[in-house]
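Written out below as structure tokens is the structure these notes cover.
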Amino acid sequence: MIEVKHLSKSYGAFQAVKDISFRVDAGEVVGFLGPNGAGKSTTLRILAGFLGPTTGDVRVAGYSITDEPLKARENIGYMPETSPLYPEMRTDEYLRYRAELKGVKKPEREPAVERAMSDAGLGGMERVLIGQLSKGYRQRVGLADALVASPKLLILDEPTAGLDPNQIREVRDLIARLSEKHTIFVSTHILSEVEAMCSRGIVIARGSLVAEGTIEELRATRRADGVRIRVRHGAAKALKALAGVAGIDSTTDDDDAHVLIDFDEDVDPEETIERAVAALAAASAGVTEVVPRSSLEEVFAQLTRKEPS
Numbered sequence: 000m001i002e003v004k005h006l007s008k009s010y011g012a013f014q015a016v017k018d019i020s021f022r023v024d025a026g027e028v029v030g031f032l033g034p035n036g037a038g039k040s041t042t043l044r045i046l047a048g049f050l051g052p053t054t055g056d057v058r059v060a061g062y063s064i065t066d067e068p069l070k071a072r073e074n075i076g077y078m079p080e081t082s083p084l085y086p087e088m089r090t091d092e093y094l095r096y097r098a099e100l101k102g103v104k105k106p107e108r109e110p111a112v113e114r115a116m117s118d119a120g121l122g123g124m125e126r127v128l129i130g131q132l133s134k135g136y137r138q139r140v141g142l143a144d145a146l147v148a149s150p151k152l153l154i155l156d157e158p159t160a161g162l163d164p165n166q167i168r169e170v171r172d173l174i175a176r177l178s179e180k181h182t183i184f185v186s187t188h189i190l191s192e193v194e195a196m197c198s199r200g201i202v203i204a205r206g207s208l209v210a211e212g213t214i215e216e217l218r219a220t221r222r223a224d225g226v227r228i229r230v231r232h233g234a235a236k237a238l239k240a241l242a243g244v245a246g247i248d249s250t251t252d253d254d255d256a257h258v259l260i261d262f263d264e265d266v267d268p269e270e271t272i273e274r275a276v277a278a279l280a281a282a283s284a285g286v287t288e289v290v291p292r293s294s295l296e297e298v299f300a301q302l303t304r305k306e307p308s
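So the sequence shown is residues 0 to 308, counted in numbering that gives the first Met the number 0.
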């Protein structure tokens, strides 16, 4: 669905995006991560066809955003961090206007607006002035705008920015439902949302791509602070067996079949895991799986601190 090859963008002597390449397959929900100033919004604007690259190319649904921009953009629904809404227009009026600008044919326009409003969770807001909507509902209008021409690809730039926790959860649920019908490329700094919504993550820092992979693959790039162990004969028995094992800071039961272990600082994780597994084996706890634990927040901090290669 998206294929990015050696993409760069410069503003004079400043290079905002530096020779990045990646792909997003149809049906994926991919998170695009990076600190402020990393080049995320610049990259998204190029992908959406609103900004030309200095070098490199982007193909969307097989069409070059440089050579065939109109065909590429027919497949794209773009929601910027701050959507340029008109507060004096009613919600349905604005979406009809946007549908017309995007080339939706007149007989198809009303069904397209109704579908976009339904998919964005705007039921009952049709005749409300946009300026009277809450921040959360204005975000939904921006999302409906991105949806109104039935694109195959949604590009969402910080869709939960400025929302309260309840609104963030609502937007996350909306994106989960939309992922059944659209490929989604979402930029965000709320890493827990990436863990909840995305199958893969791409990390950018100082304009360079520094990591990509599934969420589990990204976690694995950082030294684990602990492990999650699955046991066959109950967590209570396992916790008793782990008491006093050197290198373990704390243990808790995640459920009756799993225990969580946090390591002491400055210990060798592999040696600590070996001691823990040996203790569990001696107690006949029935170890069936050992999985390292690293949060995406820790991975993000580590990746964006170091200099890109």
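A virtual CB, placed ideally from N, CA and C, is assigned to each residue, including glycine. Remember, predicted model here, so these are calculated numbers, not experimental data.
According to the Cβ coordinates, are residue i and residue j closer than 8 Å?
{"i": "G76", "j": "A145", "result": "yes"}
{"i": "L6", "j": "P52", "result": "yes"}
{"i": "F184", "j": "F31", "result": "yes"}
{"i": "I19", "j": "L208", "result": "yes"}
{"i": "I1", "j": "V59", "result": "yes"}
{"i": "V103", "j": "V57", "result": "no"}
{"i": "A210", "j": "M196", "result": "no"}
{"i": "L177", "j": "V170", "result": "no"}
So residue i packs on residue j, CB below 8 Å; how close in whole Å?
{"i": "V298", "j": "R218", "result": "6 Å"}
{"i": "A278", "j": "A240", "result": "5 Å"}
{"i": "L142", "j": "P164", "result": "About 18 Å separates the two Cβ atoms, so there is no contact after all."}
{"i": "A282", "j": "K236", "result": "6 Å"}
{"i": "D252", "j": "D224", "result": "In fact, because the Cβ distance is near 18 Å, the residues do not count as touching under 8 Å."}
{"i": "G206", "j": "V23", "result": "Actually they are not in contact, since the Cβ atoms of G206 and V23 sit about 19 Å apart, beyond 8 Å."}
Helix or strand or just coil, what does DSSP make of residue i?
{"i": "Y96", "result": "helix"}
{"i": "E273", "result": "helix"}
{"i": "K17", "result": "strand"}
{"i": "R126", "result": "coil"}
{"i": "D118", "result": "helix"}
{"i": "K8", "result": "strand"}
{"i": "P307", "result": "Here the model assigns P307 a pLDDT of 46, short of 50, so the residue's position is not dependable, and the following value carries that caveat. Looking at P307 - three-state DSSP - the assignment turns out to be coil, as it is neither helix nor strand."}
{"i": "V147", "result": "coil"}
{"i": "G225", "result": "strand"}
{"i": "P291", "result": "strand"}
{"i": "R1", "result": "It should be pointed out that residue 1 corresponds to Ile in this sequence rather than to Arg. Three-state result, I1: strand."}
{"i": "T159", "result": "coil"}
{"i": "V185", "result": "strand"}
{"i": "V103", "result": "coil"}
{"i": "D267", "result": "coil"}
{"i": "L84", "result": "coil"}
{"i": "S133", "result": "coil"}
Where DSSP assigns a beta bridge to residue i, which residues make up the other side?
{"i": "Y77", "result": "I154"}
{"i": "V230", "result": "V286"}
{"i": "L177", "result": "Beta-bridge pairing links L177 to no other residue."}
{"i": "F262", "result": "I247"}
{"i": "D24", "result": "D24 is not bridged to any residue."}
{"i": "D255", "result": "According to DSSP, D255 bridges with nothing at all."}
{"i": "R89", "result": "L128"}
Residue ranges of each alpha helix (DSSP H) within the segment 193-219, 4 or longer: Complete alpha helix (DSSP H) runs here, min 4: 214-218.
3 or more residues per run - each beta strand (DSSP E) lying fully within the segment 27-70: The qualifying runs are 28-32, 54-59.
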